[in-house]
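S.K.: One structure, pasted below without further comment.
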Amino acid sequence: GSGRRDLMGYRLRDAMRGKIAVEEHFVTPELERCIAAGGWEPAAWRRVVDRLEDIDERLAQMDDLGIERAVLSLGSEGIQGIADAAEAARTARAANDALAEIVAAHPDRFAGFAAVPLQDPAAAAQELERAVRDLGFRGALVNGYSETTAGARYYDDTAYLPFWEHVAGLGVPLYLHPRNPLPGTPMLAGRPELLGPTWAFAVETGTHALRLIVSGLFDRLPDLQIILGHMGEFLPFAVARLQQRMARVAEGKVLATPPRQVLQDNFWITISGNYHTPSLLGTMLELGADRVLFACDHPFEDMAGGARWFDAVAISEADRLKIGRSNAQRLLSL
């Protein structure tokens, strides 16, 4: 209504209607073991978990904030924290079936990103195909490296090439979502305040993305598409220098496509949890408005704060429409 204010304190008429939020998390009581509490106090963490499970409250907030649809996924550490490959595969299937039920109950409001058991690349490819073809999911979300009985595995390993070929063949993106670096990382030892989204998530995830880029994966699969959250995990602001240095000291590695071009052609950046105007403008300058997506990271970040900032941020209305809605429609076939 004209001038009416909602509980978040801003006029509903100021909201961009029809936004699509692409990094929004869920859990069910049966899957709570998959979600890592990190540094949250127990009572605060319980409130987060309750909000992960509360569909009605989520929909009410989305209505108030002009968010038409949310793409739901299992948050960190998710399936990637399960070392046993068979258990990881069973849990991924259960998670995807649970998410499919939520989406089926609200098909105009939700879509899904699959959980995949990358402890076993072949099983991950099989589950992704089932989730996309049978359940109608729009891609996958992976919570960083996978724990295995033999140690952590990053996805630039050549053993993952058939999985990446499968992703590209299905024509869906993979969202590379953060998790903390391996326990005991010396650089962070004794500084727990730097763990999680404060700093370590971005360093870990941005480095993982760079491993994929410098491995030559995108030379082999030029159509493969990756989503990075949180304004690109630092990469839009560092890739030009990285490319300049690699051109001088490449350690024998020659890429057919320079890293900066790979970032612009094969990556999509979401604004989730990083509602900072200079960072948005820098990302748009580096990748273009056609490669940026709206997201809130609910409930780990404030849905209202992100939507309110995005609705008012000083960009053109054409770019607001792209970032808020039409880019996601195009990428995810919504």
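First residue of the sequence shown: 1446, per this note's numbering; consecutive thereafter. For glycine and all other residues, C-beta sits at the position ideal for the given N, C-alpha and C.
Assign A1488 to buried or exposed, taking buried as 16 or more other Cβ atoms, counted over all protein chains shown, within 10 Å of its Cβ.
M.R.: Here residue 1488 refers to the residue found at position 43 when the sequence shown is read from its first residue. By the 10 Å Cβ count, A1488 comes out exposed.
S.K.: Looking at the secondary structure, which residues open and close the alpha helix (DSSP H) in which A1701 lies?
M.R.: Mapped onto the sequence shown, residue 1701 falls at position 256. It is not in any alpha helix (DSSP H) - A1701 carries neither H nor E in the DSSP assignment.
S.K.: Taking only three categories from DSSP, how would you classify I1768?
M.R.: Counted from its first residue, the sequence shown places residue 1768 at position 323. Three-state result, I1768: helix.
S.K.: Grouping DSSP H, G and I as helix and E and B as strand, with all else coil, what is S1778?
M.R.: Along the sequence shown, one-based indexing puts residue 1778 at 333. Correct three-state label for S1778: coil.
S.K.: Could you tell me which residues DSSP puts in a beta bridge with E1477?
M.R.: For the purposes of this step, residue 1477 is identified with residue 32 of the sequence shown, where counting begins at 1. BP columns for E1477 are empty, so no partner.
S.K.: Buried or exposed: S1778, going by 16 or more other Cβ atoms within 10 Å of its Cβ?
M.R.: Start at 1 with the first residue of the sequence shown, and residue 1778 comes out as number 333. Label assigned to S1778: exposed.
S.K.: Give the straight-line distance between the Cα atoms of T1728 and A1460, rounded to the nearest whole angstrom.
M.R.: The sequence position of residue 1728 within the sequence shown is 283, counting from 1. The sequence position of residue 1460 within the sequence shown is 15, counting from 1. Approximately 23 Å between the Cα atoms of the pair.
S.K.: Here's the rule I'm using: 16 or more other beta-carbon atoms within 10 Å means buried, otherwise exposed. How should L1639 be labelled?
M.R.: Taking the first residue of the sequence shown as position 1, residue 1639 is located at position 194. Burial check for L1639: the Cβ neighbour count within 10 Å stays below 16, so the residue is exposed.
S.K.: Using only the alpha-carbon positions, how far apart do D1499 and S1521 sit?
M.R.: Start at 1 with the first residue of the sequence shown, and residue 1499 comes out as number 54. Start at 1 with the first residue of the sequence shown, and residue 1521 comes out as number 76. Cα to Cα, the separation comes out at about 18 Å.
S.K.: Spatial neighbours of F1682 within its chain, please: CB distance less than 7 Å, with the 5 preceding and 5 following residues excluded, ordered by chain position.
M.R.: Along the sequence shown, read from residue 1 onward, the residue named residue 1682 stands at position 237. Only G1727 meet the Cβ criterion.
S.K.: Going by alpha carbons, who is nearest to A1528 out of L1621, Q1564 and A1556?
M.R.: Taking the first residue of the sequence shown as 1, we reach residue 1528 at position 83. With distances taken between Cα atoms, A1528 lies closest to Q1564.
S.K.: I need the straight-line Cα distance from V1548 to V1659, nearest angstrom please.
M.R.: As a first step, residue 1548 is located in the sequence shown; it is residue number 103 there, counting from the start. As a first step, residue 1659 is located in the sequence shown; it is residue number 214 there, counting from the start. The straight-line gap separating the alpha-carbon atoms of V1548 and V1659 is approximately 36 Å.
S.K.: Identify whether G1454 lies in helix, strand or coil by the three-state DSSP scheme.
M.R.: Taking the sequence shown and counting its residues from 1, one reaches residue 1454 at position 9. Per-residue confidence for G1454 stands at a pLDDT of 41, beneath the threshold of 50, marking its modelled position as unreliable; no derived number is given.
S.K.: Can you list, in chain order, the residues of its chain whose CB lies under 6 Å from that of W1754, leaving out five sequence neighbours each side?
M.R.: As a first step, residue 1754 must be located in the sequence shown, where it is residue number 309. Same-chain partners within the cutoff: Y1720.
S.K.: Three-state secondary structure (DSSP) at G1446?
M.R.: Here residue 1446 refers to the residue found at position 1 of the sequence shown. Bear in mind that a pLDDT of 34 at G1446, under 50, signals an unreliable position, so the number given afterwards is only what the model happens to contain. Of the three classes helix, strand and coil, the one that applies to G1446 here is coil, per DSSP.
S.K.: Which class does I1714 belong to by DSSP, given the choice of helix, strand or coil?
M.R.: The sequence position of residue 1714 within the sequence shown is 269, counting from 1. It is a strand residue.
S.K.: Figure out for me which residue from R1598, T1603, L1606 and L1615 has the closest Cα to the Cα of F1582.
M.R.: Within the sequence shown, the letter at position 137 stands for residue 1582. With distances taken between Cα atoms, F1582 lies closest to L1615.
S.K.: Going by other Cβ atoms of all chains shown within 10 Å of its Cβ, with 16 needed for buried, is M1676 buried or exposed?
M.R.: Walking along the sequence shown from the start, residue 1676 turns up at place 231. That one is buried.
S.K.: For S1691, which residues from the same chain have a beta carbon less than 7 Å from its beta carbon, with the 5 sequence-adjacent residues on both sides left out?
M.R.: The count along the sequence shown starts at 1 and reaches residue 1691 at position 246. It should be pointed out that residue 1691 corresponds to Met in this sequence rather than to Ser. Answer for M1691: P1704, listed in chain order.
S.K.: Residue ranges of each beta strand (DSSP E) run of no fewer than 3 residues wholly in the segment 1529 to 1567, ordered along the chain?
M.R.: 1555 to 1557
S.K.: Beta-carbon separation of D1764 and E1468 under 7 Å?
M.R.: Walking along the sequence shown from the start, residue 1764 turns up at place 319. Walking along the sequence shown from the start, residue 1468 turns up at place 23. Contact flag unset, no.
S.K.: Report the residue from I1524, T1630 and R1503 whose alpha carbon sits nearest the alpha carbon of H1551.
M.R.: Position 106 of the sequence shown, counted from the start, is the residue given in the question as residue 1551. Taking the Cα of H1551 as reference, the smallest distance to any Cα among I1524, T1630 and R1503 is reached at R1503.
S.K.: Return the CA-CA distance between N1711 and L1586, expressed in angstroms with no decimal places.
M.R.: Stepping through the sequence shown from its first residue, residue 1711 is reached at position 266. Stepping through the sequence shown from its first residue, residue 1586 is reached at position 141. Computed Cα separation, rounded: 16 Å.
S.K.: Would you mind sorting M1748 into buried or exposed? The rule is 16 or more other CB atoms within 10 Å of its CB.
M.R.: In the sequence shown, the residue the question calls residue 1748 occupies position 303. Buried, by the Cβ-count rule.
S.K.: Taking just the CA atoms, how far does G1629 sit from Q1571?
M.R.: To locate residue 1571, count along the sequence shown from 1; it is residue 126. To locate residue 1629, count along the sequence shown from 1; it is residue 184. One C-alpha to the other measures close to 33 Å.
S.K.: On the DSSP bridge list, what partners appear for R1656?
M.R.: By one-based count along the sequence shown, residue 1656 stands at place 211. R1656 is not bridged to any residue.
S.K.: Assuming E1649 contacts P1618 (C-beta within less than 8 Å), just tell me the rounded distance between them.
M.R.: Position 204 of the sequence shown, counted from the start, is the residue given in the question as residue 1649. Position 173 of the sequence shown, counted from the start, is the residue given in the question as residue 1618. Their Cβ separation, rounded to whole angstroms, is 20 Å, which puts E1649 and P1618 out of contact at 8 Å.
S.K.: Excluding five sequence neighbours on each side, which residues of the same chain lie with their C-beta closer than 8 Å to the C-beta of R1462?
M.R.: What you label residue 1462 is simply residue 17 of the sequence shown in a count that begins at 1. Answer for R1462: G1511 and E1513, listed in chain order.
S.K.: Does DSSP classify S1724 as helix, strand or coil?
M.R.: Along the sequence shown, read from residue 1 onward, the residue named residue 1724 stands at position 279. Of the three classes helix, strand and coil, the one that applies to S1724 here is helix, per DSSP.
S.K.: Just to confirm my understanding: we take F1608, look at its own chain, exclude 5 residues before and 5 after, and list those with CB closer than 6 Å. What are they?
M.R.: Start at 1 with the first residue of the sequence shown, and residue 1608 comes out as number 163. In its chain, beyond the 5 residues on either side, P1566, A1569 and A1570 have a beta carbon closer than 6 Å to the beta carbon of F1608.
S.K.: As an exercise, report each continuous alpha helix (DSSP H) stretch of at least 4 residues that is fully enclosed by the segment 1557 to 1634, in chain order.
M.R.: 1566 to 1574 and 1606 to 1615
S.K.: Need the endpoints of the alpha helix (DSSP H) that Y1489 sits in, please.
M.R.: Taking the first residue of the sequence shown as position 1, residue 1489 is located at position 44. For the sequence presented, residue 1489 should be read as Ala rather than Tyr. Counting along the chain, the alpha helix (DSSP H) containing A1489 begins and ends at P1487 to E1498.
S.K.: Would a check of beta-carbon distances place E1574 closer than 7 Å to chain D?
M.R.: The structure shown contains no chain D, having only a single protein chain.
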